[in-house]
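Numbering (our numbering), first residue to last: 29 to 239. Down below is the structure, laid out as structure tokens.
See below:
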């Protein structure tokens, strides 16, 4: 059978189940609920959160994380559909790093160089590397279960993007607790936590999403 014929056949049956979009819409809220319960059990909302949400750096931290999750969600759904063009979704993936880069540049312009390292290290980077993957884990499971209804050409890559999505949404939840608002901190430690979840997604995706 020719490759084009195989792709068309896969696109028709989509593993003979619910569409990935439909299943993701059902499972992602369930995963988010578990993440919220984990947050409530292990963390707490930062003091005066309503006031802090008016701070540009706090909005940037939450917004960049959520934008990463949303863009990766679109890309993951593209990657699990045979023959779908991922380029529009890849373009969306550029938005979060561009926003964060702008925030880092602004931070470095207004902060003396002597304060850069303090801002980068923050108060508790270990908590960031621990709790973002923890909060992302239920979302990653939900995403992988949904994407199984598709037929990704590269299961590891699709799993990695699912990890990006889970990390983005998990980080935006963790940001409601995190007292470190510097874009330099976000660039270093949020990105590190995201790489952990992305790598886990790639490993799991290679097995779970294979067809």
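Backbone N, C-alpha and C define an ideal beta-carbon position, used for all residues, glycine too. Just so you know, these numbers come straight off a predicted model, no measurement behind them.
- In this chain, the alpha helix (DSSP H) harbouring residue 135 covers 123–138.
- If you draw a straight line from the Cα of residue 121 to the Cα of residue 215, it comes to about 16 angstroms.
- Classified as buried, residue 211 has 16 or more neighbouring CB atoms from the shown chains inside 10 Å of its CB.
- Annotation for residue 174: 48, 51, 52, 55 place their beta carbon closer than 7 angstroms to its own, counting only its chain and skipping 5 residues before and after.
- For residue 94, the CB contacts under 6 angstroms within the same chain, skipping 5 residues up- and downstream, are 200 in chain order.
- Look at residue 154 here: in three-state DSSP terms it is helix.
- If you look at residue 57, you'll find it in the alpha helix (DSSP H) that goes 48–70.
- Closest in alpha carbon position to residue 88, among 191, 183, 133, 140, is 133.
- Spanning the alpha carbons of residue 137 and residue 126 requires a straight line of approximately 17 angstroms.
- Collapsing the DSSP output to three states places residue 181 in coil.
- Straight through space, the alpha carbons of residue 116 and residue 103 are spaced by roughly 8 angstroms.
- Straight through space, the alpha carbons of residue 118 and residue 72 are spaced by roughly 34 angstroms.
- Here residue 81 has no same chain residue with a Cβ atom under 6 angstroms from its own Cβ, once five neighbours each way along the sequence are excluded.
- Looking at 148, 218, 182, 190, the one whose alpha-carbon comes closest to that of residue 111 is 182.
- Between residue 207 and residue 74, the beta carbon gap of about 6 angstroms places them in contact (Cβ cut-off 8 angstroms).
- In this structure, residue 233 lies away from residue 195, with their beta-carbon atoms at least 8 angstroms apart.
- Between residue 170 and residue 98, the C-beta gap is not smaller than 8 angstroms, which leaves the two residues out of contact.
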